[in-house]
Amino acid sequence: MRIILVGYGVVGQSLTRLFISRKAELAKNYGFRPRVVAVADRGGVAVNPKGLDLERILQVKAEKHTVAADTVYGHPNMRVLDVIESVEAEALVEASPTNVKDGEPALSHIKSAFKAGKHVVTSNKGPLALALPVLTELAEHNKVYFRFSGSVGAGTPILEFAKKCLYGERIVSIRGVLNGTTNYILTEMAEKHVAFNEALEKAKKLGYAEADPSMDIDGIDTACKIVILANWAMGKKVTLKDVQIKGIRNVTIKDIEDAAKNNCLVKLVGSANGKLEVKPENVPKESPLAVSGTLNAVTFTSEFAGEQTIIGRGAGGVETASAILRDLLDIKQKLAAKVWLEI
Ligand code: HSE
Numbered sequence: 001m002r003i004i005l006v007g008y009g010v011v012g013q014s015l016t017r018l019f020i021s022r023k024a025e026l027a028k029n030y031g032f033r034p035r036v037v038a039v040a041d042r043g044g045v046a047v048n049p050k051g052l053d054l055e056r057i058l059q060v061k062a063e064k065h066t067v068a069a070d071t072v073y074g075h076p077n078m079r080v081l082d083v084i085e086s087v088e089a090e091a092l093v094e095a096s097p098t099n100v101k102d103g104e105p106a107l108s109h110i111k112s113a114f115k116a117g118k119h120v121v122t123s124n125k126g127p128l129a130l131a132l133p134v135l136t137e138l139a140e141h142n143k144v145y146f147r148f149s150g151s152v153g154a155g156t157p158i159l160e161f162a163k164k165c166l167y168g169e170r171i172v173s174i175r176g177v178l179n180g181t182t183n184y185i186l187t188e189m190a191e192k193h194v195a196f197n198e199a200l201e202k203a204k205k206l207g208y209a210e211a212d213p214s215m216d217i218d219g220i221d222t223a224c225k226i227v228i229l230a231n232w233a234m235g236k237k238v239t240l241k242d243v244q245i246k247g248i249r250n251v252t253i254k255d256i257e258d259a260a261k262n263n264c265l266v267k268l269v270g271s272a273n274g275k276l277e278v279k280p281e282n283v284p285k286e287s288p289l290a291v292s293g294t295l296n297a298v299t300f301t302s303e304f305a306g307e308q309t310i311i312g313r314g315a316g317g318v319e320t321a322s323a324i325l326r327d328l329l330d331i332k333q334k335l336a337a338k339v340w341l342e343i
């Protein structure tokens, strides 16, 4: 499969490392031979229609900070949209940083890939939170697959759990701790009595926080994920503007201590029930949502099967890259079987 990779930060680089380290296994077990024909970052692009040498691209990135500095394949001035439109490939992987103001440039990247007949895998929550209903229709119209497993729960297969394990069920509500950074901060504050800012700095250093950490702290990241889940698992046609959002900026050590007196933990909870909401809540310590550190936990309530909770690490480069790999393998299998399934 020929792949155009846009966004070469921690997620994009982790994905290429996975391709390198798992090369033989991916070919043998899944018949999957990824050939990355273009990589784009903020400095430009590197293109080789025959497939880039990924070790070399990682090295160029580490030494020169942009793949466009590659002396043979680098193009500092080439537009990413031109690459997506003109370089032959089966799939676009969009792993650029999330922008929830207008979803750009990822939104245009995804749309032009669809129009060019390319399947898309993304971990970028901006276009999904702002335009998921439209994007889903556009993908169907162009008969291409659109996958975004890594956008919710990083490597934890939350979206697959809802769609595949609860296949045929009607999910009536979703409640979840969906942001690793805020959960890490709240856990540090509760367990180690660390101040808010100190905990945030640690989360940034560990690579959990968004490029703009207010996305995490002010609940926007959680809101994006609840929008994605509501569209994906409940068939709602909603976007970010439909969510009432309150973050954790004003949560104090006293709030956390008061919660503890009532055998509760303060968690930033996203929910989709009659309405979509994000706010800090006192969660009983015995609740499955009372997870610590960067863990995410999501409880799905469905009509007949009742409540199930899936728990796992919800942030991190290699975790998110593993979800992208899963999505690519899923598309590969569908193409091999020549089946067309909705979404
Ligand atoms: N900043 C996000 C989080 C990354 O902390 O959960 C994963 O989406």
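Numbering (our numbering), first residue to last: 1 to 343. For glycine and all other residues, C-beta sits at the position ideal for the given N, C-alpha and C.
In this structure, Leu15 is the residue among Val238, Leu166, Leu15 and Asn250 with its C-alpha nearest to the C-alpha of Glu55.
At the C-beta level, Arg175 and Leu289 come within 9 Å of one another.
Contact between the stretch 277-294 and the stretch 247-267 is present, with at least three C-beta pairs closer than 8 Å.
Comparing alpha-carbon positions, the option among Ala69, Gly316, Lys225 and Asp255 lying closest to Val100 turns out to be Lys225. Looking only at Ile245, His75 and Pro76, the smallest Cα-Cα distance to Met215 is reached by Ile245. With respect to the C-alpha of Val93, the residue from Ala209, Pro76, Gly316 and Phe114 having the closest C-alpha is Phe114. Those residues that bring their Cβ nearer than 6 Å to a heavy atom of the ligand HSE are Ala154, Asn179, Gly180, Thr181, Tyr208, Ala209, Glu210, Asp216, Asp221, Gly314 and Ala315. Distance between Phe146 and Ala139, taken at the CA atoms: about 6 Å. As for any alpha helix (DSSP H) of minimum length 4 sitting wholly inside the stretch 239-320, the runs are 253-261, ordered along the chain.
Val39 is the residue among Val227, Asn250 and Val39 whose C-alpha sits nearest the C-alpha of Tyr73.
In the structure shown, Glu198 falls within a helical segment according to DSSP collapsed to helix, strand and coil.
Where Glu25 is concerned, the enclosing alpha helix (DSSP H) starts and stops at Lys23 to Tyr30. Between the stretch 105-112 and the stretch 201-209, the count of Cβ pairs shorter than 8 Å is below three; the stretches do not touch. At a Cβ-Cβ threshold of 9 Å, Ile311 and Ala323 do not count as neighbours. Sequence-distant partners of Asp218 (beyond 5 residues in either direction) whose C-beta falls short of 6 Å from its own C-beta, in its chain, are Gly247. Membership of Ser112 in the alpha helix (DSSP H) is indicated by the continuous run Ala106 to Lys115.
Given a length threshold of 4 residues, each whole run of the alpha helix (DSSP H) inside the stretch 54-104 is given here in chain order: 54-64 and 80-86.
Cβ neighbours of Leu178 within its own chain (closer than 6 Å, five residues either side excluded): Thr222, Lys225, Gly270 and Asn296.
In the DSSP assignment, His119 falls outside any alpha helix (DSSP H) and within the unbroken beta strand (DSSP E) covering His119 to Thr122.
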